[in-house]
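Chemist: Take a look at this one; I'll ask things after.
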């Protein structure tokens with residue numbers, strides 16, 4: 414990544430979706446221009462006036478070329494289909510230069526570092542050259558902060574081309590969306606020899622392959638195990654009991670209510686329980702069991 418973007422600029426000006434920042438090199442050059450101008454005025458030396466005009470032309474050319482570099486650049490992004498919270502995943506960014514004859518140089522892509530956003534980008538991206546009518550791709554690692562819908566709506570495109578005196582940037586729409594699954598953590602898996610396991614707030618119960626008997630319905634039993642024909646005859650819910658086979662099937666019960674007040678638990682505790690339940694399901698499926 415270009416080191417010119419790593420520090421706080423000396424001066425910043427924002428106007429019409431354009432932000433102009435003065436770099437340290439640019440600050441030194443502007444000071445030089447003022448110095449040459451003062452000496453030229455005091456001495457009346459024509460050569461110094463010529464040098465002053467040349468320095469001013471550098472600033473004007475820098476503004477024109479940086480604007481042409483940012484013009485007609487489109488950014489799109491792609492995320493993997495499966496994303497889990499608090500784990501890094503690659504975001505593939507594609508920069509397309511819609512200009513027919515003018516290439517773009519020294520492009521920098523970045524995302525705001527805001528805790529209110531649903532993601533955090535590892536770093537910015539630097540594209541040295543995007544040919545006219547062509548595209549370039551780069552990958553940045555991002556981490557979703559929480560489960561649920563993830564929306565990356567925009568990014569910032571910057572350039573220090575051509576002289577590095579100024580950094581001009583603008584905001585571009587990107588609109589990348591994904592569904593983030595709960596965070597996966599290390600959990601203790603139930604042994605096939607145990608009938609049940611209490612893991613966090615989720616009760617995990619194994620279920621075999623063949624029907625063994627019927628018993629009364631208890632709280633936490635899945636409705637898929639209810640024997641509806643027997644319930645219709647007797648008027649009470651009966652649950653099917655299965656014998657064990659070589660492959661285990663588990664039911665994960667997630668309790669989101671406080672047993673004393675019957676109110677929904679606080680958000681932090683809820684997220685912890687959801688993460689534990691999701692981790693159990695993930696690990697059991699990876700082991701070859703059914704959930």
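Numbering (the working numbering), first residue to last: 414 to 704. In this text, a Cβ means the ideal position worked out from N, Cα and C, and glycines have one as well. Note that the structure is predicted; figures quoted are calculated from it, not measured.
(1) Considering only the beta carbon of each residue, do residue 508 and residue 479 sit closer than 8 Å?
(2) Using the Cβ count rule (16 or more neighbours within 10 Å means buried), how would you classify residue 680?
(3) Between residue 566 and residue 545, is the Cβ-Cβ spacing less than 8 Å?
(4) Would you mind stating whether residue 557 and residue 524 have Cβ atoms separated by less than 8 Å?
(5) Under three-state DSSP, which class holds residue 690?
(6) Could you tell me the alpha carbon to alpha carbon distance between residue 515 and residue 483, rounded to whole angstroms?
(7) Please state the DSSP three-state secondary structure of residue 647.
(8) Determine whether the beta carbon atoms of residue 582 and residue 432 lie at a separation below 8 Å.
(9) Roughly how many angstroms lie between the CA atoms of residue 518 and residue 563, to the nearest whole one?
(10) For the alpha helix (DSSP H) holding residue 454, just list the boundary residues, first then last.
(11) Count the other CB atoms within 10 Å of the CB of residue 596; is the residue buried (16 or more) or exposed (fewer)?
(12) Given a cut-off of 8 Å, decide if residue 639 and residue 652 are closer than it, judged by their beta-carbon atoms.
(13) Use the C-beta contact count for residue 698: other C-beta atoms within 10 angstroms, 16 or more gives buried, fewer gives exposed.
(14) In chain order, what residues of the same chain have a beta carbon less than 7 Å from the beta carbon of residue 704, not counting five sequence neighbours either side?
(15) From residue 569 to residue 470, what distance separates their C-alpha atoms?
(16) Go through its chain and collect everything with a Cβ distance to residue 593's Cβ below 8 Å, but skip five positions before and after it.
Modeler: Checking against the coordinates, here is how it stands:
(1) Numbered from its first residue, the chain shown carries residue 508 at position 95. Numbered from its first residue, the chain shown carries residue 479 at position 66. Not closer than 8 Å, so no.
(2) Numbered from its first residue, the chain shown carries residue 680 at position 267. Exposed.
(3) Numbered from 1 along the chain shown, position 153 holds the residue referred to as residue 566. Numbered from 1 along the chain shown, position 132 holds the residue referred to as residue 545. With a cutoff of 8 Å on beta-carbon distance, residue 566 and residue 545 are scored as not near each other.
(4) Walking along the chain shown from the start, residue 557 turns up at place 144. Walking along the chain shown from the start, residue 524 turns up at place 111. In this structure, residue 524 does not lie closer than 8 Å to residue 557 by Cβ.
(5) Numbered from 1 along the chain shown, position 277 holds the residue referred to as residue 690. The answer is helix: DSSP assigns residue 690 an H, G or I state.
(6) Translated into the one-based positions of the chain shown, residue 515 becomes position 102. Translated into the one-based positions of the chain shown, residue 483 becomes position 70. Straight-line Cα distance between these residues: approximately 11 Å.
(7) Stepping through the chain shown from its first residue, residue 647 is reached at position 234. Looking at residue 647 - three-state DSSP - the assignment turns out to be helix.
(8) In the chain shown, the residue the question calls residue 582 occupies position 169. In the chain shown, the residue the question calls residue 432 occupies position 19. Cβ distance < 8 Å, so residue 582 and residue 432 count as in contact.
(9) Counted from its first residue, the chain shown places residue 518 at position 105. Counted from its first residue, the chain shown places residue 563 at position 150. If you take the alpha carbons of residue 518 and residue 563, they lie about 31 Å apart.
(10) Here residue 454 corresponds to residue number 41 of the chain shown, with the count starting at 1. Residues 437-456.
(11) As a first step, residue 596 is located in the chain shown; it is residue number 183 there, counting from the start. Buried is the call here.
(12) Sequence index remark: in the chain shown, residue 652 carries index 239 (1-based). Sequence index remark: in the chain shown, residue 639 carries index 226 (1-based). In this structure, residue 639 lies closer than 8 Å to residue 652 by Cβ.
(13) Your numbering for residue 698 matches position 285 in the chain shown. Answer is exposed; the Cβ neighbour count stays below 16.
(14) Within the chain shown, numbered from 1, the residue matching residue 704 stands at position 291. Closer than 7 Å at Cβ, skipping near neighbours: 663, 665, 694, 697, 698.
(15) The count along the chain shown starts at 1 and reaches residue 569 at position 156. The count along the chain shown starts at 1 and reaches residue 470 at position 57. Distance between the alpha carbons of residue 569 and residue 470: 28 Å.
(16) Within the chain shown, residue 593 is the residue found at index 180, counting from 1. 496, 497, 498, 531, 557, 559, 560, 561, 562, 563.
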